[in-house]
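Report on the structure given below.
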Amino acid sequence: MRKNQQNPTQHTQPSTQSGSGFYAAFCAAAAVAVTGLLASRFIGQKAEKVPEENPLQETDLEKIHSHLIRAISHDLRTPLSGIMGNSFLYLENHQTLDDEEKLELVGHIHEDSGWLINIVENLLAMTRIGDTENPVSTREEIVEEVLGEALQKMEMRHPGFEIRAIIPDEIIILSMDALLIEQVIINLLENALLHSESRKPVEVIVEEGEDSVIFTVRDYGRGIPEEMLDRLFDSDSLTKAASDPHKKTCIGLIICKAIISAHHGTLTGRNHSLGAEFTFTLPKRSG
Amino acid sequence: MNAKVHILLIEDEKSFCSYITALLGRSGYHITTAMTGTEGLSLAASLCPDLILLDLGLPDMDGFLVLEELRSWSHIPIIIVSVCSEEQEKVKALDLGADDYVTKPFYPGELTARIRTALRHSRSQAPSQIYRALNLEIDLDKRTIHLDGEQVHLTQIEYQLLSLLAENAGRVLTYNTMLRRIWGPYAETNNQILRVNMANIRRKIEKNPAQPQYLFTEVGVGYRMRENDTE
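Below, the structure written as C-alpha cells:
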C-alpha cells in the first residue's frame, strides 16, 4: 500500500496517464537505439565475441526493426499530438477558458515536452555507442563526479524526489564513457520513480570490488512483478511491446543493458525484501 | 541613462526569440534580437549591450567565429545558448572566452541565474573578499576556511583551487583554465592531478562527495562553485 497524501502540493509523481505516456515515449527512444545497436552488432560484421546470450537471426532483426519503427512513430506521436492538441485548444478558446482550464492545458504541454526531451537524451546517448570492435570511447573518470552530475540532473528534473548516495571514502577512478553511465543511472532512477509506486527515498550505492566497481540502485516500493523478472532485459519483448503499446516491458532497461555491455560490465535486476534493486558492474581495467 | 539592463540575443529561431524576450522581459531586462551573426556583430558594436546571449548555430556564419570576433574587441559577458551538449563544444566556447554555456532546452531559472552571475562578475571591479554560502565561509584575505564554524585545513594547492573557484563562484571554469591558473602556462595537459585534488577538497568540505552542495562537476568540462551569497 502506498501513502503519499502527506505532501500533496509537492507533487512530482506523474499521474498514471502521464506515466504511461512517458513510458511509451521512452520505449520509442529505446527502440531506435536498440535497433541501431543491434544492427551494428549483428549485421555490420560477423561479431566474434558477442556478449549477448542469443545472437539474433537477421529475419528476427528485420521483424523487430519494422515493429520498432511503427512503435517509434506511434510513441513520438503521443506527446506531439498532446502538444499540438492542447496548444490548439488554448489558442482557439483562450477567451472563454478559465484560469484553471488554461493551467491544465499548459501543464499537459509542459509534461509532454518533458517526455520528448527524455527521448532525445536517450537517443543522443546511444549515438555514442559504436561497433563491436570499438563500442565506447572511455576516459578515466572519478566515480563520484559522474554520479554527482547524474544526481544533479535528477534533482533538476524531479525536484523533491529523494535520493541517497552511499559511496566509499576512497576516490575511485574508472574508465568509462561518463555521459553514457550517467544515462544509465538516470534511467534506473527514473525507472524507480515511475514503477516503484513509492515515495520512499531511493538509494544509489557504490562499492569497490576486486576487479570491478559495483553500482546498485535500490528502491523501497512494490518490487518487480514476478512475471517480468526473468525477461527484464529480453529484447524479444520489444516486438510485443511494439505491437501492443499498452503492454509494459522494460525497454529503458534494455538501453541500460546495451550501454553496460558496451563497457564489458553486467547489469542485473532482482527484488529484495522491501522493493526492487538493479545492480551494474564496471570492470576496473578492461583488457 | 536607461537603468534597464540591455541584453543582445543573437539567435535565428523566431519562437525561441519570443520566448526569451518574454522570459527576460519579466525579469526586467531589455532585449534586442539579431537573427544573423553579421547583424549580431554590428548591433553588439553599436548598442554596447550589458550582456550577449549567443546561439552557435546561425544561418550566415559559424557561431564560434562570432564569439572570437566579439572577444577580439570586447569584454561584454557572453553566454552561449546552444542545442549542442557535447563536451568539446562547451570547452571550446569557454576557452574562447565565453562566460558560460547553457544547453537547450533549459529550465527558465537556469538561464536567469547564469545571466545574474555573468552580470555580477562583469560589474564588480574588486572581487568580493568573503565567500559565504550555506555553512561554508572563505576569507580570501586571511586565507581561512570555515565549515559549520570549524576551521578547515587544505594544502596549498587545494586552497588555491578552492579560492579560484570561489572568486568565480557560479561560473564554470574549464580544466584548462584551472590548470593554467594554478600550475602555470606550461602545466601538463593531463587533468588527472587537478581532479584528484578536487576530490580531496570535496572530502574536506562536502558532507557527501557524491551529492555536493558547494563544488559541482561538469564532467568533461570543468567545475563550478555554488553562488556566493555575499555578492
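Protein chains in written order, with my numbering: chain A, 4 to 290; chain B, 418 to 648.
Even for Gly, the Cβ is constructed at its ideal location relative to N, Cα and C.
Do the CB positions of residue i and residue j come within less than 8 angstroms of each other?
i                      : j                      : result
residue 636 of chain B : residue 128 of chain A : no
residue 272 of chain A : residue 215 of chain A : no
residue 185 of chain A : residue 149 of chain A : yes
residue 522 of chain B : residue 188 of chain A : no
residue 638 of chain B : residue 507 of chain B : yes
residue 262 of chain A : residue 177 of chain A : no
residue 89 of chain A  : residue 111 of chain A : yes
residue 266 of chain A : residue 139 of chain A : yes
residue 210 of chain A : residue 171 of chain A : yes
residue 223 of chain A : residue 256 of chain A : no
residue 475 of chain B : residue 429 of chain B : yes
residue 564 of chain B : residue 632 of chain B : no
residue 569 of chain B : residue 624 of chain B : no
residue 516 of chain B : residue 530 of chain B : no
residue 608 of chain B : residue 596 of chain B : yes
residue 551 of chain B : residue 580 of chain B : no
residue 191 of chain A : residue 166 of chain A : no
residue 217 of chain A : residue 141 of chain A : no
residue 236 of chain A : residue 260 of chain A : yes
residue 612 of chain B : residue 145 of chain A : yes
residue 147 of chain A : residue 627 of chain B : yes
residue 460 of chain B : residue 483 of chain B : no
residue 164 of chain A : residue 196 of chain A : yes
Quick one: residues in its chain with C-beta nearer than 6 angstroms to the C-beta of residue i, no 5 flanking neighbours on either side, listed in chain order?
i                      : result
residue 437 of chain B : 426
residue 510 of chain B : 497, 518
residue 647 of chain B : 545, 547, 549
residue 477 of chain B : 453, 454, 455
residue 644 of chain B : 586, 587
residue 194 of chain A : 255
Which one of the options has the shortest CA to CA distance from residue i?
i                      : options                    : result
residue 470 of chain B : B/577, B/480, B/476        : B/480
residue 614 of chain B : B/603, B/490, B/599        : B/599
residue 91 of chain A  : A/194, A/147, A/109, A/196 : A/109
residue 231 of chain A : A/154, A/198, A/152        : A/198
residue 472 of chain B : B/462, B/604, B/463, B/455 : B/455
residue 663 of chain B : B/520, B/465, B/617, B/572 : Residue coverage of chain B in this structure runs from 418 to 648, which leaves residue 663 of chain B outside it and unanswerable.
residue 421 of chain B : B/440, B/434, B/439, B/447 : B/447
residue 487 of chain B : B/617, B/465, B/505        : B/465
residue 82 of chain A  : A/275, A/116, A/152, A/155 : A/116
residue 640 of chain B : B/504, B/462, B/499        : B/504
residue 284 of chain A : A/208, A/153, A/114        : A/208
residue 571 of chain B : B/584, B/555, B/439        : B/555
residue 492 of chain B : B/527, B/538, B/553        : B/538
residue 85 of chain A  : A/98, A/99, A/114          : A/114
residue 532 of chain B : B/604, B/460, B/445, B/482 : B/445
residue 443 of chain B : B/525, B/630, B/567        : B/525
residue 275 of chain A : A/234, A/219, A/288, A/258 : A/219
residue 234 of chain A : A/206, A/196, A/221, A/270 : A/270
residue 567 of chain B : B/553, B/574, B/573        : B/553
Within 10 angstroms of its Cβ, does residue i collect 16 or more other Cβ (buried), or is it exposed?
i                      : result
residue 137 of chain A : exposed
residue 619 of chain B : buried
residue 162 of chain A : exposed
residue 159 of chain A : exposed
residue 169 of chain A : exposed
residue 467 of chain B : buried
residue 279 of chain A : buried
residue 634 of chain B : buried
residue 592 of chain B : buried
residue 173 of chain A : exposed
residue 229 of chain A : exposed
residue 462 of chain B : exposed
residue 450 of chain B : buried
residue 439 of chain B : exposed
residue 118 of chain A : buried
residue 87 of chain A  : exposed
residue 629 of chain B : buried
Taking the DSSP output, what are the residues bridged to residue i?
i                      : result
residue 632 of chain B : B/642
residue 517 of chain B : B/496
residue 179 of chain A : A/142
residue 548 of chain B : B/555
residue 285 of chain A : A/216
residue 273 of chain A : A/280
Given residue i, which residues of its chain have a CB within under 7 angstroms of its CB, disregarding the five upstream and five downstream residues?
i                      : result
residue 560 of chain B : 576
residue 485 of chain B : 513
residue 51 of chain A  : Unreliable placement is indicated for residue 51 of chain A, whose pLDDT of 41 sits below 50; the coordinate value is still reported in the next sentence. Contacts found: none.
Grab me the residues of residue i's own chain with a C-beta within less than 8 angstroms of its C-beta, minus the 5 sequence neighbours each way, in chain order.
i                      : result
residue 54 of chain A  : With a pLDDT of 45 at residue 54 of chain A, under the threshold of 50, the modelled position of this residue cannot be trusted, and the question is left open.
residue 179 of chain A : 139, 141, 142, 144, 149, 266, 285
residue 105 of chain A : 93, 97
Got a sec: does the ligand MG put a non-hydrogen atom nearer than 7 angstroms to the Cβ of residue i?
i                      : result
residue 158 of chain A : Looking at this structure, you won't find the ligand MG or any other ligand, since it has none at all.
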